[in-house]
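Protein chains: 2
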Amino acid sequence: MGAITRQPMRDLPCWLGHARVAHEPARGGEPHNCVKINGSSATSVISRQTPLAAVTATLPLNPKVVVTDDEIPVVCWEDVRQNIPTEKQLMDQHRQGMMIEGGVAYRQTVVVRSYEVGPDKAATLESILNLLQETSLNHVWMSGLLGNGFGATHGMVKHDLIWVVSRMHEQVENYPIWGEVMEIDTFVGASGKNGMRRDWMIRSHATGQVLARATSTWVMMDQKTRRLSKMPCEARAEISPWFIEKRAIQEDSEKVAKLGSSATYAKSNLRPKRCDLDINHHVNNAKYAIPDHVLEDSQLCSIILEYRKECSSTDVVQSLCEPDDVGILEAGTKLNGSSMGSDVSLLGHQDSVRFTHLLQVEGDGKDEEILRGHTTWKKRPPSM
Amino acid sequence: MGAITRQPMRDLPCWLGHARVAHEPARGGEPHNCVKINGSSATSVISRQTPLAAVTATLPLNPKVVVTDDEIPVVCWEDVRQNIPTEKQLMDQHRQGMMIEGGVAYRQTVVVRSYEVGPDKAATLESILNLLQETSLNHVWMSGLLGNGFGATHGMVKHDLIWVVSRMHEQVENYPIWGEVMEIDTFVGASGKNGMRRDWMIRSHATGQVLARATSTWVMMDQKTRRLSKMPCEARAEISPWFIEKRAIQEDSEKVAKLGSSATYAKSNLRPKRCDLDINHHVNNAKYAIPDHVLEDSQLCSIILEYRKECSSTDVVQSLCEPDDVGILEAGTKLNGSSMGSDVSLLGHQDSVRFTHLLQVEGDGKDEEILRGHTTWKKRPPSM
Chain Z
1 MGAITRQPMR DLPCWLGHAR VAHEPARGGE PHNCVKINGS SATSVISRQT
51 PLAAVTATLP LNPKVVVTDD EIPVVCWEDV RQNIPTEKQL MDQHRQGMMI
101 EGGVAYRQTV VVRSYEVGPD KAATLESILN LLQETSLNHV WMSGLLGNGF
151 GATHGMVKHD LIWVVSRMHE QVENYPIWGE VMEIDTFVGA SGKNGMRRDW
201 MIRSHATGQV LARATSTWVM MDQKTRRLSK MPCEARAEIS PWFIEKRAIQ
251 EDSEKVAKLG SSATYAKSNL RPKRCDLDIN HHVNNAKYAI PDHVLEDSQL
301 CSIILEYRKE CSSTDVVQSL CEPDDVGILE AGTKLNGSSM GSDVSLLGHQ
351 DSVRFTHLLQ VEGDGKDEEI LRGHTTWKKR PPSM
Chain A
1 MGAITRQPMR DLPCWLGHAR VAHEPARGGE PHNCVKINGS SATSVISRQT
51 PLAAVTATLP LNPKVVVTDD EIPVVCWEDV RQNIPTEKQL MDQHRQGMMI
101 EGGVAYRQTV VVRSYEVGPD KAATLESILN LLQETSLNHV WMSGLLGNGF
151 GATHGMVKHD LIWVVSRMHE QVENYPIWGE VMEIDTFVGA SGKNGMRRDW
201 MIRSHATGQV LARATSTWVM MDQKTRRLSK MPCEARAEIS PWFIEKRAIQ
251 EDSEKVAKLG SSATYAKSNL RPKRCDLDIN HHVNNAKYAI PDHVLEDSQL
301 CSIILEYRKE CSSTDVVQSL CEPDDVGILE AGTKLNGSSM GSDVSLLGHQ
351 DSVRFTHLLQ VEGDGKDEEI LRGHTTWKKR PPSM
């Protein structure tokens with residue numbers, strides 16, 4: 001069911017990295033932002049005289065009540081405000097979410113917000129990737145399996161495991177526009193013995209048209225050693241009942257070639273900046289090595305990312321980019337076996353162009369691969 | 001009712017700037033992304049043989065049907081997908097929005113998304129400002145007054161006017177956390193003869209607690225001459241029925257002093273970068289001149305911004321910052337007359353610190369003020 005992991009690389013799409021959130025008692029045995037019942041803590045609207053019964057009666061769900069060392073019951077306001085379900089939910093009114101496909105896949109209705117679009121009124125790729133993250137986390141959230149942190153199940157938390165993404169493939173057939181109501185479906189399946197596949201389909205609510213598809217592969221990593229881990233039986237038992245065979249992208253076997261350092265476009269000496277520390281900004285950074293004229297005239301219609309290693313915030317990174325030999329493709333051409341869906345034939349006489357990418361840590365002796373990528377761009381429609 | 005305007009300055013909060021979106025027919029008289037009924041355009045799922053009656057029968061609302069020069073009726077798919085109301089709506093299921101206060105104020109229920117929070121699980125200021133933008137635009141959206149562009153009414157569009165913000169004051173009493181359900185209320189009032197005030201209140205759905213309050217002042221600008229404009233009668237007639245007296249921040253008269261160039265902290269030679277062109281990243285940039293230790297240990301609890309002039313993307317900008325003479329304030333102290341709401345007294349023995357800010361265009365002869373600011377910071381709560 002996993003979704004998100006710690007992936008400190010600053011040039012990756014935002015949904016691939018997020019500092020995990022521990023939710024532990026503060027020093028002194030009293031959880032932060034909790035309210036002592038009949039106690040002296042004053043971080044809540046509930047007065048210190050309020051008896052526990054009166055408190056719990058006003059709560060939307062049963063909050064966690066912790067008994068501290070000095071035997072004072074404490075209501076965790078974080079829990080009340082977050083309200084993470086401990087049992088599977090079929091509907092969530094506030095998230096506009098529901099379980100589908102017999103209760104194992106998740107659908108969320110989402111409106112494209114004003115700040116998620118570019119000057120052309122179309123959602124940015126960054127916004128779309130953010131929504132993939134959001135819906136996958138909400139899938140886990142509603143499953144009742146969400147432990148501490150971002151997407152790890154209870155069983156994973158117990159073994160100190162987090163999810164890391166190893167591959168991501170997204171195809172945008174038609175960018176959603178400002179105010180458009182989308183239906184985002186997400187579902188998971190097995191990937192080898194120890195991995196998980198997570199797919200997404202985005203449809204326009206008004207037209208029923210598929211706007212975007214994505215598939216991704218995830219494995220588990222030991223949070224302390226940073227080594228990949230087998231899937232423990234406990235986690236498999238939680239996750240595998242959610243696996244289905246359905247796929248968002250039917251043909252998805254393309255491997256990305258490794259670029260040499262003689263690539264046509266290169267940006268070296270890239271360092272994470274303070275503003276990069278907000279994990280929402282990574283996709284823009286990933287564009288560093290794309291030629292300007294492509295960014296200005298085209299929009300991305302397919303991206304494949306293969307992750308090789310974690311990147312720390314102190315790494316110095318080089319971004320390489322090479323146009324594919326095929327150069328300009330006629331629209332409608334099948335792109336190296338990756339199906340673009342039927343709508344690619346609607347490009348008419350517009351051209352596509354493809355690039356191979358490599359991000360690597362610049363080392364003294366040898367460079368280390370962080371990420372290989374493949375992108376396909378098509379001409380931007382005329383300004384609306 | 002206005003919300004958003006073109007404000008190309010790259011160091012401003014994102015919700016203050018967005019390229020306007022024109023929605024005009026493409027060259028040749030045929031609107032882009034529209035479908036010729038019985039015609040030859042192939043950008044839609046509807047086949048060219050589908051008769052108009054069959055098309056309109058499947059549409060969620062009546063789409064705009066444009067008759068082109070050669071008298072072929074055309075369905076605008078942009079309109080179908082956006083579906084902007086032409087009459088006042090009291091509820092919007094997809095936006096989780098409804099009109100309140102007798103039908104003139106707007107309330108939207110919003111869940112804090114996973115990518116809107118920082119490592120401390122709290123929503124970033126940037127996310128909150130984005131949601132203020134979003135709810136104000138949805139207020140206009142549901143009013144039936146939304147013309148082309150971002151927040152301008154039909155009457156404003158007719159006179160080629162856009163909204164520009166002249167002042168913004170936000171107070172965050174308690175940052176919303178990941179997964180928290182918020183209720184965001186927004187409403188408008190008169191501000192002088194030609195201006196409009198727009199306020200917001202953000203509450204926690206689970207606890208009822210006020211999390212944040214904001215107020216802002218807006219005036220109209222001629223889009224071509226870039227000069228401020230009187231409010232035309234036509235626009236006043238549209239907007240003034242929505243004005244109410246209610247205020248989110250009761251005491252809001254503070255003026256920000258102008259900093260001299262001898263300010264303690266300064267960053268010069270700031271230039272808009274490609275990644276700044278995504279208008280969502282401005283708040284981070286605005287932090288450039290804040291001392292690192294403040295950014296690391298504290299969170300912003302109040303910000304006042306006074307806008308002086310537009311800034312173009314070619315301007316070179318200097319950011320100045322000076323700690324206030326009062327230095328460290330005891331919590332609970334009234335901050336220069338700006339009420340922090342009752343919850344400030346809950347800070348206990350934590351300290352606050354204030355800064356005055358100035359952004360200016362670096363000119364050959366004299367510098368030109370873009371923005372004055374005042375920020376108040378309090379110690380970040382212990383990591384959760």
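Those sequence lines, one after another, are chains Z and A. UniProt numbering applies: residue 1 is where the first sequence begins, and numbers increase by one. UniProt numbering applies: residue 1 is where the second sequence begins, and numbers increase by one. Beta carbons are placed, not taken as given, at the ideal position from N, Cα and C, and that holds for glycine.
To the nearest angstrom, how far is the alpha carbon of residue i from that of residue j?
i, j, result
"Z/M142", "Z/V294", "40 Å"
"A/D315", "Z/Y265", "28 Å"
"residue 386 of chain Z", "Z/C301", "It is not possible to answer for residue 386 of chain Z, since the shown part of chain Z is limited to 1 through 384."
"A/M221", "A/W163", "6 Å"
"Z/S229", "Z/M196", "13 Å"
"Z/L129", "Z/S136", "11 Å"
"A/G189", "A/I244", "5 Å"
"Z/D324", "Z/S298", "16 Å"
"Z/G327", "Z/T376", "Residue placement at Z/G327 is flagged as unreliable, the pLDDT there being 44, under the threshold of 50; a coordinate-derived value is accordingly withheld."
"Z/Y175", "A/H154", "27 Å"
"Z/R213", "A/L359", "43 Å"
"Z/E322", "Z/S312", "25 Å"
"A/L145", "A/E234", "12 Å"
"Z/Q223", "Z/E78", "24 Å"
"A/V219", "A/H374", "21 Å"
"Z/S216", "A/Q89", "40 Å"
"residue 385 of chain Z", "Z/Q133", "One cannot answer for residue 385 of chain Z here, as it falls past the ends of chain Z, which runs 1 to 384."
"residue 390 of chain Z", "A/M231", "Nothing can be reported for residue 390 of chain Z: it is not among the residues displayed for chain Z, which extend from 1 to 384."
"A/G365", "A/S191", "35 Å"
"Z/D351", "A/K121", "43 Å"
"Z/G179", "Z/R380", "20 Å"
"Z/T186", "A/Q108", "25 Å"
"Z/S240", "Z/F355", "36 Å"
"Z/H267", "Z/L371", "Reading the sequence as shown, one finds Lys at residue 267 of chain Z and not His. Answer to the nearest angstrom: the Cα atoms are 15 Å apart."
"A/G208", "Z/V317", "46 Å"
Shorter than 7 Å from the beta carbon of residue i to some beta carbon of chain A?
i, result
"Z/P60", "For Z/P60, the predicted structure reports a pLDDT of 38, less than 50, and the residue's modelled location is therefore unreliable. A value from the coordinates is still provided. Taking Cβ atoms only, chain A reaches closer than 7 Å to Z/P60, which makes this a yes."
"Z/E369", "no"
"Z/Y265", "no"
"Z/E310", "no"
"Z/I177", "yes"
"Z/R372", "no"
"Z/R380", "no"
"Z/V181", "yes"
"Z/L137", "yes"
"Z/E296", "no"
"Z/S204", "yes"
One question on the structure: do residue i and residue j come within less than 7 Å of each other, judged by their Cβ atoms?
i, j, result
"A/I304", "A/H205", "no"
"Z/V165", "Z/G151", "no"
"Z/V181", "A/H94", "yes"
"A/R167", "A/E306", "yes"
"residue 396 of chain Z", "Z/E173", "It is not possible to answer for residue 396 of chain Z, since the shown part of chain Z is limited to 1 through 384."
Would you please state the rounded distance, in angstroms, between the beta carbons of residue i and residue j? I believe it to be under 8 Å.
i, j, result
"A/V112", "A/A123", "5 Å"
"A/I184", "Z/Q82", "Contact doesn't hold; Cβ gap of about 18 Å is too wide."
"Z/Y106", "Z/N138", "7 Å"
Do we get a CB-CB distance below 7 Å when we pair residue i with the residues of chain Z?
i, result
"residue 411 of chain A", "Absent from the model: residue 411 of chain A. The displayed extent of chain A is 1 to 384, so no value can be given."
"A/R271", "no"
"A/T109", "yes"
"A/H154", "no"
"A/Y115", "yes"
"A/R81", "yes"
"A/Q299", "no"
"A/Q350", "Legend: pLDDT at A/Q350 = 49, less than 50; position of this residue unreliable, value from coordinates given subsequently. Not closer than 7 Å to any Cβ of chain Z, the Cβ of A/Q350 fails to qualify, so no."
"A/Q89", "no"
"A/E170", "no"
"A/E134", "yes"
"A/N130", "yes"
"A/H94", "yes"
**OP:** Would you check if the stretch 193-200 of chain A and the stretch 256-272 of chain A touch, i.e. whether three or more CB-CB distances between them fall below 8 Å?
**Re:** no
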